[in-house]
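All you need for my numbering is the position in the sequence shown, starting with 1, plus 131. One structure is given here, and the rest of the page talks about it.
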Amino acid sequence: MEFKATYVSWKEIEEWTKGIMKMVIENHYNPDIIIGIARGGLVPARMVADYLFKKDLLSIKTEHWGLTATMNGKAVLREKLNYDVSGKKVLIVDDITDTGESMKLSYNYVKSLNPADVKTTSMLYIDGSNYTPDFYGKGLSKEEWAWFVFPWNVYEDTYNLSKKFMDAPVGVGELKEKLAENYGLNVEDIDLEEVLENIAALKMLKRHEGKFSIP
Ligand code: AMP
Numbered sequence: 132m133e134f135k136a137t138y139v140s141w142k143e144i145e146e147w148t149k150g151i152m153k154m155v156i157e158n159h160y161n162p163d164i165i166i167g168i169a170r171g172g173l174v175p176a177r178m179v180a181d182y183l184f185k186k187d188l189l190s191i192k193t194e195h196w197g198l199t200a201t202m203n204g205k206a207v208l209r210e211k212l213n214y215d216v217s218g219k220k221v222l223i224v225d226d227i228t229d230t231g232e233s234m235k236l237s238y239n240y241v242k243s244l245n246p247a248d249v250k251t252t253s254m255l256y257i258d259g260s261n262y263t264p265d266f267y268g269k270g271l272s273k274e275e276w277a278w279f280v281f282p283w284n285v286y287e288d289t290y291n292l293s294k295k296f297m298d299a300p301v302g303v304g305e306l307k308e309k310l311a312e313n314y315g316l317n318v319e320d321i322d323l324e325e326v327l328e329n330i331a332a333l334k335m336l337k338r339h340e341g342k343f344s345i346p
């Protein structure tokens, strides 16, 4: 297997974001501002803002990983805040702390803006990461590492993982087998045909007689 990839369900997202909520409440942290790290932390941050009844939801953007499961050198801060957080209590939210570089960068940046306090959270935390968030939904050992395909990244990841099998036209059944063999992906978790059809509508794939290929 090249590496393991797993589709994540909305039910798991709810469980993990509620895990964050519980830890925040148990620790009596009452943030004034929630910051989601785009893009992966945007939906979790929105959910946590709902659970905690917070209206001040902002975002910053970091870039670290490029194509699915491929790291692009160092983590970079692409978009900063346009908001005065000085004297405020901040909660930073992301989807996963993997190497931890993105969270470390985000924490250091927000901390430099003189807030009263900053706490960091992510739904998933991989043991051995360079940065340990204050609160997280689920901790994973290094052995449990996988590329997690979150519900908001199904199209991009499925496309990136599939395209190397698509130089020649491939049927949905055959592609399912390739994805299972190479990444342990359980494609029954999504409607692969619908995803491929919608990607073909964007002209990023060619559809011919029920098979798909790179144009
Ligand atoms: P990192 O800087 O390595 O902690 O990760 C930065 C961002 O890349 C995370 O917030 C995710 O959006 C994405 N990412 C990193 N590792 C994974 C993974 N194993 N599965 C899915 N997304 C990941």
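Here a beta-carbon is modelled for each residue, glycine too, at the ideal position from N, C-alpha and C.
For residue i, the residue or residues it bridges with in DSSP
i: A169; result: K192
i: A136; result: W278
i: T251; result: I223
i: S243; result: Paired residues: none, contrary to the question.
i: I257; result: L271
i: L208; result: T193
i: S344; result: K337
i: S202; result: Looking at the sequence shown, residue 202 is not Ser but Met. Note: M202 sits in a beta bridge opposite W196.
i: I164; result: V221
From the options, residue whose alpha carbon lies closest to that of residue i
i: D258; options: N158, D322 and G231; result: G231
i: E324; options: V303, E340 and L336; result: V303
i: T252; options: F266, L244 and N245; result: F266
i: D226; options: A169, Y290 and W276; result: A169
i: G172; options: T193, K135 and T263; result: T193
i: S272; options: E308, V280 and D229; result: D229
i: I191; options: M152, T201, T148 and R209; result: R209
i: Y262; options: V216, M297 and M234; result: M234
Residue burial classification, residue i (beta-carbon count within 10 angstroms, cutoff 16)
i: D288; result: buried
i: I144; result: buried
i: G268; result: buried
i: G197; result: exposed
i: W141; result: exposed
i: G204; result: exposed
i: F184; result: exposed
Same chain only: Cβ atoms within 7 Å of residue i, ignoring 5 sequence neighbours per side
i: P300; result: H339, K342, F343 and S344
i: V249; result: V221, I223, Y238, V241 and K242
i: W283; result: V174
i: S260; result: T228, D229, T230 and G231
Proximity below 8 Å, CB of residue i to CB of residue j
i: I164; j: K219; result: yes
i: L336; j: P346; result: yes
i: E133; j: N313; result: yes
i: T199; j: L306; result: no
Own chain, CB closer than 8 Å to residue i, minus 5 neighbours either side, in chain order
i: E328; result: R338
Own chain, CB closer than 6 Å to residue i, minus 5 neighbours either side, in chain order
i: G150; result: G268
CB contact below 8 Å: residue i versus chain D
i: K295; result: Chain labels in this structure do not include chain D; a single protein chain is all it has.
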